[in-house]
Amino acid sequence: MGATITEKILAVHSAREKVTPGDLVNCEIDTIMCHDVTTTPAIDMLEKYGIKDVCDPERIVIMPDHFVPNKDIKSAEMVAKIRRWAKAQNIRQFFDLGRHGVCHALLPEQGFVTPGKTIICGDSHTCTHGALGAFSTGVGSTDLAATLATGKLWFKVPESQRFIVSGHLPEGVYAKDIILQIIGQIGVDGALYKAMEFCGEVIDELSVEGRMTICNMAIEAGGKSGVINPDAKTLEYVRTRTDTKFTVYRSDADAQYAQTFEINVSDLEPVVAFPHLPGNVKPVRLAAGIPVDQAYLGSCTNGRIEDLRVAAQILKGRVVAVGTRMIVVPATTEIWKQANREGLLDIFMAAGATVSTPTCGACLGGHMGILAAGERCISSTNRNFVGRMGSPKSEVYLASPATVAASAMAGKIADPRQYL
Amino acid sequence: MEGNAHVYQNNHINTDEIIPARYLNCDQEAELAGHAMEDIDVDFLKKVKTGDFIVSGDDFGCGSSREHAVWALRGAGIRAVIANSFARIFYRNCINNGFPAIECPGAAQAIRDGDRLEIDLAAGQIVNLSQNQTVQFRPLPDFAREMIAAGGLMAQIKKELK
Ligand code: SF4
């Protein structure tokens, strides 16, 4: 019987010949990513238990992003503490302001994600990195502290679900629409504890960025990880960013899946997730006309260069509706610079949007675009929970960058296809 | 363990609701506790007494990995969460903190708000003193019970590192 990519990676990293779903394994972790919110408690725990040294500073990458640039004194103190700790621990890989970005966009961009790796971070969207054929999952601060101390972490080997995405993606429909559609179909706990493996001709056709958008939202279906078998595109993406050695694992043809879903996207329309769950997914036409106070383009889901290009294409020569505010947040410093070179930032500013420095910002209701009671936002982010972007009485609709841009112009939720 | 039940029948209560991100510039349990559940139940803190339990539906604790959710509940006096099912990261965070997360399908429907409960972790039993009923749940897996007994993951690791 064959094995899935997830089983192969977990077996190798726990020094076993093979593993079966349900096995408890103590797994070697190759890359430990730390951001500002969940790392300070981990540092406190290491101190409390008298653990003086991290396992290996070279495995650790620090990328403060949530409240960056520091939004208040408390968040400034948190990052200051992380800086002191990193220095004391000789952690060189620190992406401070000026090289900063949303960690899940920055980690692969900077070449830290390679196929076959194991990666953890104290952040639920760590599932993003499976897009490059790694096993990558989000954990809490205690797990983070334990891994910083030992370089290992316990896991229950997950069952895998396979999502075969076939057909031809229509114009105006994007990776975001595919993953929202899948979450709408299986529900926000439809993949609870499972590895979601995406494959099929549509996934093959997607760019690496689009694949990241898909894997990023595995957690919104309750998944432990999202993963895509590496191909030539993956290798090209990785090779231009790092020369470290890695091993490519792929699922066997006779691997076992808990479930297989076949999704044909040829007739898929742009979709939105209504408040207050990412699984409340409906075609955009059913939301068309709902007024929006804010349009937010950014985050680890859709703040990459491709996303900015799509939005700029729609906004070029047009303007954001009076009464609607549009905020564009390139996910990393490199993306910001690239967008600047391509003239995208000018297009946004000319349209009456504003462009911010990279940050998680308002995606989690931190800063830089918080919603007031009664306000409504169309957002390219990944969560529309109660109060996620501000007041518990505000509303968030999730959609693709194209739908966000179209809605910003219309001042109400709009189908992007009419503007392409 | 004995205490009162605070029942939230909804499914998918997420960690943004348990502790909103606007309070994540702090990681002190006592301070977080002051905001536990405030976006879905402004009276939560007034009702909870030390030793009480939360009872909820499917997929409790979904969303963000913030362990602050466990600390906020524990700080507010909650001693265990009973739910039909749990989201994965929240479940890990509970076990790692030595904080019982009890999976008991149907609990949110069977237990009424305010019921007095007695929980026996080893036996996998909830005695509902108010309704005179006993419900069995699947006892926590061995590794989880060992971790809770050791005082959580860090305490266990500290022992191993020695
Ligand atoms: S961009 Fe949003 S979802 Fe992504 S890591 Fe930041 S806060 Fe979390």
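Chains as they are written, first to last, in our numbering: chain E, 340 to 759; chain H, -5 to 156. All C-beta atoms, glycine included, are put in the ideal place defined by N, C-alpha and C. Model, not experiment: these values are computed from the prediction.
Roughly how many angstroms separate the alpha carbons of Pro403(E) and Leu545(E), rounded to a whole number? As a working note, residue 403(E) is residue 64 in the first sequence. As a working note, residue 545(E) is residue 206 in the first sequence. Taking the straight line from one Cα to the other gives about 29 Å.
- Could you give the DSSP three-state label for Ile717(E): helix, strand or coil? Taking the first residue of the first sequence as position 1, residue 717(E) is located at position 378. Ile717(E): strand per DSSP, three-state reduction.
Beta-bridge partners of Arg501(E), as assigned by DSSP
Residue mapping note: residue 501(E) aligns to position 162 of the first sequence, counting from 1. In DSSP, Arg501(E) forms a bridge with Glu536(E), Thr599(E).
(Q) Quick check on DSSP: helix, strand or coil for Tyr388(E)? (A) Translated into positions along the first sequence, residue 388(E) becomes position 49. It is coil, neither helix nor strand.
**Asked** Going along chain E in order, which residues have a C-beta closer than 7 Å to the C-beta of Met31(H)?
**Response** The residue labelled residue 31(H) in the question sits at position 37 within the second sequence. Chain E residues near Met31(H): none, gap ~11 Å exceeds 7 Å.
Quick check on Pro133(H) - is its C-beta less than 7 Å from some C-beta in chain E? Here residue 133(H) refers to the residue found at position 139 of the second sequence. No - not a single Cβ of chain E is within 7 Å of the one on Pro133(H).
How would you list, in chain order, the residues of chain H whose beta-carbon sits under 8 Å from the beta-carbon of Val527(E)? Position 188 of the first sequence, counting from 1, holds the residue named residue 527(E). What Val527(E) touches in chain H: His6, Asp53, Cys56.
Is there a C-beta anywhere in chain E that falls below 7 Å from the one on Pro99(H)?
Here residue 99(H) is taken as the residue at index 105 of the second sequence, counted from 1. Not closer than 7 Å to any Cβ of chain E, the Cβ of Pro99(H) fails to qualify, so no.
Name the chain E residues that come within less than 9 Å of Asn87(H), Cβ to Cβ?
-> Along the second sequence, read from residue 1 onward, the residue named residue 87(H) stands at position 93. Simply Val478, Gly479, Ser480, Thr481, Asp482.
Item to check | Any 3 or more C-beta pairs closer than 8 Å across the stretch 421 to 441 of chain E and the stretch 665 to 681 of chain E | outcome: yes
Quiz item: With 16 other CB atoms within 10 Å as the buried threshold, where does Ser590(E) fall?
Solution: As a working mapping, residue 590(E) is identified with position 251 in the first sequence. Its Cβ being crowded by 16 or more others within 10 Å, Ser590(E) is buried.
| Around the C-beta of Gln757(E), are 16 or more other C-beta atoms found within 10 angstroms, so that it is buried, or is it exposed? | Within the first sequence, numbered from 1, the residue matching residue 757(E) stands at position 418. Its Cβ having fewer than 16 others within 10 Å, Gln757(E) is exposed.
- Query: So, using beta-carbon positions, are Ala560(E) and Ile525(E) closer together than 7 Å?
  - Reply: Here residue 560(E) is taken as the residue at index 221 of the first sequence, counted from 1. Here residue 525(E) is taken as the residue at index 186 of the first sequence, counted from 1. In contact: Ala560(E) and Ile525(E) (Cβ atoms closer than 7 Å).
message = Between Arg398(E) and chain H, is any beta-carbon pair separated by less than 7 Å?
response = What you label residue 398(E) is simply residue 59 of the first sequence in a count that begins at 1. For Arg398(E), not one C-beta of chain H is nearer than 7 Å to its own C-beta.
Check your understanding: Roughly how many angstroms lie between the CA atoms of Val351(E) and Leu446(E), to the nearest whole one?
Key -> The residue labelled residue 351(E) in the question sits at position 12 within the first sequence. The residue labelled residue 446(E) in the question sits at position 107 within the first sequence. Cα to Cα, Val351(E) sits roughly 23 Å from Leu446(E).
Between the Cα of Ala66(H) and those of Ala24(H), Ser59(H), Ala101(H), Val36(H), spot the shortest distance and give me the residue it belongs to.
Here residue 66(H) corresponds to residue number 72 of the second sequence, with the count starting at 1. That would be Ala24(H), whose Cα lies nearest to the Cα of Ala66(H).
TODO: Label Gly662(E) either buried or exposed according to how many other C-beta atoms from any shown protein chain fall within 10 Å of its C-beta, with 16 as the threshold for buried.
DONE: As a position in the first sequence, residue 662(E) is number 323, starting the count at 1. Exposed, because fewer than 16 other Cβ atoms sit within 10 Å of the Cβ of Gly662(E).
For chain E, check one thing: does any of its Cβ atoms lie closer than 7 Å to the Cβ of Ala143(H)? The residue labelled residue 143(H) in the question sits at position 149 within the second sequence. Ala143(H) does not count as touching chain E.
If contact means a Cβ-Cβ distance below 7 Å, which residues of the stretch 105 to 137 of chain H contact chain E? Phe137
>> Within the continuous alpha helix (DSSP H) that includes Gln677(E), where are the two ends?
In response: The sequence position of residue 677(E) within the first sequence is 338, counting from 1. Taken as a continuous stretch (DSSP letters only), the alpha helix (DSSP H) holding Gln677(E) covers 672 to 680.
Exercise for review: State the DSSP-derived secondary structure class of Asp33(H), mapped to helix, strand or coil.
Suggested key: Taking the second sequence and counting its residues from 1, the one referred to as residue 33(H) is at position 39. Of the three classes helix, strand and coil, the one that applies to Asp33(H) here is coil, per DSSP.
| query | Should Met384(E) be flagged as near chain H, meaning a C-beta pair shorter than 7 Å? | reply | For the purposes of this step, residue 384(E) is taken as the residue at position 45 of the first sequence. Yes, its Cβ sits closer than 7 Å to a Cβ of chain H.
Would Gly146(H) pass as a contact of Asn87(H) if the rule is Cβ separation under 7 Å? Counting from one through the second sequence, the residue named residue 146(H) turns up at place 152. Counting from one through the second sequence, the residue named residue 87(H) turns up at place 93. Contact: no.
For ligand 1, any of its heavy atoms closer than 6 Å to the Cβ of Ser695(E)?
For the purposes of this step, residue 695(E) is identified with residue 356 of the first sequence, where counting begins at 1. Not so, every heavy atom of ligand 1 lies at least 6 Å from the Cβ.
Give me the Cα-Cα distance between Thr599(E) and Ser499(E), rounded to the nearest whole angstrom. As a working note, residue 599(E) is residue 260 in the first sequence. As a working note, residue 499(E) is residue 160 in the first sequence. Straight-line Cα distance between these residues: approximately 9 Å.
Pro731(E) burial status per 10 Å Cβ neighbour count (16 or more: buried): To locate residue 731(E), count along the first sequence from 1; it is residue 392. Classification for Pro731(E): buried.
* Output yes or no for whether 7 Å exceeds the beta carbon distance between Gly562(E) and Met535(E). => Along the first sequence, read from residue 1 onward, the residue named residue 562(E) stands at position 223. Along the first sequence, read from residue 1 onward, the residue named residue 535(E) stands at position 196. For Gly562(E) and Met535(E), yes; Cβs fall inside 7 Å.
Write down every uninterrupted run of the alpha helix (DSSP H) in the stretch 632 to 661 of chain E whose length is 4 residues or greater and which is fully enclosed by it, in chain order.
List check, alpha helix (DSSP H) in window: 638 to 641, 644 to 654.
Would you call the stretch 3 to 14 of chain H in contact with the stretch 38 to 52 of chain H, where contact means no fewer than 3 C-beta pairs closer than 8 Å? As far as the Cβ criterion goes, the stretch 3 to 14 of chain H touches the stretch 38 to 52 of chain H, which means the pair count is three or higher.
Assigned secondary structure, Ala95(H) (DSSP; H/G/I helix, E/B strand, else coil): Working through the second sequence from its first residue, we reach residue 95(H) at position 101. Here Ala95(H) sits in strand by DSSP.
If the cut is a Cβ gap below 8 Å, which residues of chain E does Glu11(H) touch? Position 17 of the second sequence, counted from the start, is the residue given in the question as residue 11(H). Simply Phe724, Val725, Gly726.
#### Entry: Run of the alpha helix (DSSP H) containing Ile521(E), from where it starts to where it stops
Translated into positions along the first sequence, residue 521(E) becomes position 182. 514 to 525 is the extent of the alpha helix (DSSP H) around Ile521(E).
Use the C-beta contact count for Glu112(H): other C-beta atoms within 10 angstroms, 16 or more gives buried, fewer gives exposed.
One-based indexing of the second sequence puts residue 112(H) at position 118. Exposed, by the Cβ-count rule.
Entirely enclosed beta strand (DSSP E) segments - the stretch 545 to 631 of chain E, minimum 3 residues | As far as the stretch 545 to 631 of chain E is concerned, its whole beta strand (DSSP E) runs of at least 3 residues are 564 to 566, 598 to 603, 610 to 612, 620 to 622.
Taking Ser463(E) as the query, report the chain H residues whose CB atoms sit under 7 Å from its CB, ordered along the chain. If you number the first sequence from 1, residue 463(E) lands on position 124. Within 7 Å Cβ-Cβ: Gly57, Ser58, Ser59, Ile83.
Would the C-beta of Cys639(E) count as close to ligand 3, meaning under 6 Å from any of its heavy atoms? Ligand 3 is not part of this structure, which contains only ligand 1.
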